[in-house]
Amino acid sequence: MTMDLNAPVSTLKGVGAVRQEALKKLEISTLCELLHHFPRDYEDRRARLKIAALSPDMTAVVKAGVVSVDGGQPRFGRGRQKQAPLKLLVRDDTGVLEIIFFQGAYLAKAFSPGAEYVFYGKVAASGPMLQMIHPDFSRADEGGGREILPVYPLAAGLSQKDLRRWTEMLMPSAAQMPEPLPPDTVARNKLCGVGYALENIHYPKDRQRLQEARYRLIFEELLTLQAGLMMLKTAHDAGGEGIAARSGADGAPFVSGLPYTLTGAQQRALAEINADMESARAMNRLVQGDVGSGKTVVAAAAMYKAVKSGYQTVMMAPTETLARQHFEEFAVLFAKHGARIAYLTGNVKGIERKKTLEKLAQNEIDILIGTHAVIQADVVFANLGLVVTDEQHRFGVNQRVSLSKKGENPDILVMTATPIPRTLAFIFYGDLDISVIDERPPGRRAVITRAVDADGREAAYEFIRREIRNGNQAYVVAPLIEDSEELALRSAKGIYAELSRLFKGFSVALIHGQMKQQEKDAVMGRFYAGETDILVSTVLIEVGINVPKATVMLIENAERFGLAQLHQLRGRVGRGRRQSYCILVTENDSREAGDRARILVSTDDGFQIAEKDLELRGPGEFFGVRQHGIPGLRIASLVRHVKVLQAVRNEAAALLSEDPRLERQENEGLLAQIRKLFRTAADVGI
Ligand code: ADP
Ligand code: MG
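Numbering (the working numbering) for the sequence shown: 1 to 686.
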């Protein structure tokens, strides 16, 4: 029997007022929403193990009978009522296992001695006894003989068993669900049908089918979001834009003149940029690449092409130090190509500034590099054709827009090492195309990361001494400039004094945001030149700095920094072929600080880190999603699925160019999805 999927969940057997409320916490009020409550994991009974085969730290599925149920009753401590954990002893024909649920009183009734259950979780050891703490579980006779069972996100008052029973009841209706996507979209993108997808996301027969189902559902969700946002965008700027044509000057001499070959990912990004620049439509492209992936040279190649096409070009960087670094790097990169390069920041003043502005207005400068000083009103270009922002996440969208207003519809290229937070905003505001540089230059080794507490500092210093003796350099970063009475934190000045004492015979330098620009430049200059062994700094050093001989990054009070920031800081080392190290000194053993350190120790993949950051901080804070009125996603991730997003953008563009308001009959289903997804967003007017 099939059911009307728009009906409320209360039409399901077993859902009364109480469970209806509980489901509401999961944002489920209709059957359709229940079908779109996707499993967070699966209990794969095919991979079931015998208890004798378990060992600590493995994640396993075990089928075992309950021998005894213990505890879980309230225990009366002094004054406050405490609860003893619920302990089960379970066994199969090879051994016994202890199952523990802290605060587990409410579960006591779920287990009957003698009955068999399947437990799924991580194995731990307590003395000779193996344990599972808070495993997922289900009765062995439940699941209708299925081998792979869904594990759902739950809310108080709901059990896995409930959700499984209900989704199971919906399966026949799911299989009959009409396909919401246009048939051409399904065919072009080789998607499986919606019924197949829903069945296999909940009750997959094998991994292969699960993959197909996941891909289809991710695609559908992103397409709905993307097409909706594009429709919004068209509604917003209905005014239309002029178009600047670009001649196709040959960029090959620049690339072949480099001292290295571009990585495959760099080449792909550059090819995408070239195609944009050569097309009549103005480029609006985001280049996303992890720290050290080599974004700068890709931007430089695009700027070369713009100059050779007869245009001026500008690059805006978030800090003076970074602008200076780019300027110097570009001076080398462009030396043999005869481009005229200038530099403009807040510290370029008086006559010098006046001259630069004059030349710029008279087309005597080809490439301008600077900070946000380049968007000031009196900065006028003669013929601006390409605008680049580096480390875009440090700028507001408005600053990027102001910069592009300096030309007549110039090509726009934005670079960021922060994969997610802005992705969403970009899609929303900018309608940017995305290139991903997901490869590092050859010979790079992963940075080895260690977390230590204050007792480990001595050994860390010894390690730094050794690295310096081997011809390397080190950064030491602190959260404060000066010691503070209120905050018991390490400060850059304090550390500088300490290291100057401890590192006799070495050269230690200090840099921080309160120093004059000239001093900063001088300090950085000496560090670049290798004259300084240790650079003590505040987070000033965070963005974009590139000194290949620096192999150690020691971060004090690492608990004070966010994950993304720590990852950026760590990206200052490991930029050459030498093995590099990052040492996180943590003085506070909060769980969150521990979690962050563990993540950094375990991976140096910026995308994964961003994803974890999202988990730790929650989507609201991370994206500002709610503020932008962008609906939440159920299965797709704007972090992990950037590549799907790309296919999705092409598809959405194709659909909308044929049928801008999705009025055709075959697009009806998609339009309905869009309206549903954006239902909660404020006055979107689609
Ligand atoms: P980011 O993407 O973090 O901005 P950069 O552009 O600063 O990275 O590049 C990091 C370093 O890698 C620079 O020293 C740059 O010269 C070098 N580099 C970039 N591309 C390559 C390549 N294909 N092969 C070798 N080195 C490269
Ligand atoms: Mg960079």
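Glycine included, C-beta positions come from ideal geometry on N, C-alpha and C.
If we count the other Cβ atoms within 10 Å of its Cβ and call it buried at 16 or more, is residue i buried or exposed?
i, result
"L258", "exposed"
"L222", "buried"
"I630", "Confidence at I630 is low in this model, with a pLDDT of 49, below 50, so the placement of that residue should be treated as unreliable; the coordinate-derived value is given next. Label assigned to I630: buried."
"R102", "With the sequence shown as reference, residue 102 is identified as Phe, and Arg is not the correct amino acid for it. So F102 ends up on the exposed side."
"Q665", "exposed"
"H37", "buried"
"M132", "buried"
"G505", "exposed"
"I555", "buried"
"Q160", "buried"
"Y260", "exposed"
"L23", "buried"
"L487", "exposed"
"A280", "exposed"
"K520", "buried"
"N557", "buried"
"T11", "exposed"
"A252", "exposed"
"S657", "exposed"
Name the one or two DSSP bridge partners that residue i has.
i, result
"T59", "K122"
"I609", "I609 pairs with nothing; no bridge assigned."
"E98", "L89, Q131"
"S537", "V477, I511"
"D177", "The sequence given here has Met at residue 177, not Asp. None, per the DSSP bridge assignment."
"A550", "Q473"
Measure from the alpha carbon of residue i to the alpha carbon of each residue in the options, then state which is nearest.
i, options, result
"K87", "G104, G95, D93, T94", "G104"
"G687", "F327, F119, A331, E358", "Nothing about residue 687 can be reported from this structure: the residues present for the chain run from 1 to 686 only."
"G195", "A282, P183, P172, Q208", "P172"
"P548", "N472, V186, I273, M415", "N472"
"R450", "A460, Q160, R164", "A460"
"L368", "E329, I351, K336", "E329"
"N363", "V477, R188, T603, Q312", "Q312"
"A377", "I351, V387, K405, I365", "K405"
"E559", "I375, V15, G95, L600", "L600"
"L54", "A323, Y120, A17", "Y120"
"L34", "Q517, M3, H641", "M3"
"F254", "A125, L270, G264", "L270"
"E168", "I99, Q266, K13", "K13"
"E27", "P153, D41, H512, G16", "P153"
"R46", "V61, R40, C32", "V61"
"D453", "G594, G606, A108, D141", "G594"
"G157", "H134, D276, A17, A249", "A17"
"E408", "M415, E142, V380", "V380"
"V723", "V477, I273, D533", "Look at the range of the chain in this structure, 1 to 686, and you will see that residue 723 is not part of it."
"R596", "H567, V573, R578, R577", "H567"
"R40", "K516, N588, I635", "I635"
"R575", "A653, K190, P441", "P441"
Can you give the Cα-Cα distance for residue i and residue j, rounded to whole angstroms?
i, j, result
"Q176", "R445", "51 Å"
"Q673", "P180", "8 Å"
"M231", "K612", "31 Å"
"P56", "G289", "37 Å"
"A227", "L670", "9 Å"
"L677", "V90", "45 Å"
"S68", "D93", "16 Å"
"Y581", "V291", "15 Å"
"C192", "S256", "44 Å"
"I481", "V523", "16 Å"
"A124", "E458", "33 Å"
"I448", "A382", "48 Å"
"R699", "H202", "For the chain, the structure presents residues 1 to 686; residue 699 sits outside this window and is missing."
"A213", "Y42", "14 Å"
"P182", "R675", "16 Å"
"L107", "T59", "22 Å"
"I100", "L286", "49 Å"
"A300", "L499", "38 Å"
"A331", "L344", "14 Å"
"L262", "V436", "14 Å"
"G346", "A197", "56 Å"
Spell out whether any CB of chain D is found under 8 Å from the CB atom of residue i.
i, result
"D433", "Annotation note: the requested chain D is absent from the structure, which comprises a single protein chain."
Where in the stretch 273–313 do unbroken runs of the alpha helix (DSSP H), each at least 4 residues long, occur, reported from the N-terminal end onward?
295–308
Within the stretch 426–482, note down every full beta strand (DSSP E) run reaching 3 residues or more, in order along the chain.
433–437, 448–452, 473–477
What are the uninterrupted segments assigned as beta strand (DSSP E) that are 3 or more residues long and contained completely in the stretch 133–157, given in chain order?
136–139, 148–151
Please list the segments of the alpha helix (DSSP H) lying wholly inside the stretch 493–523, counting only runs of 4 or more residues, in order along the chain.
none
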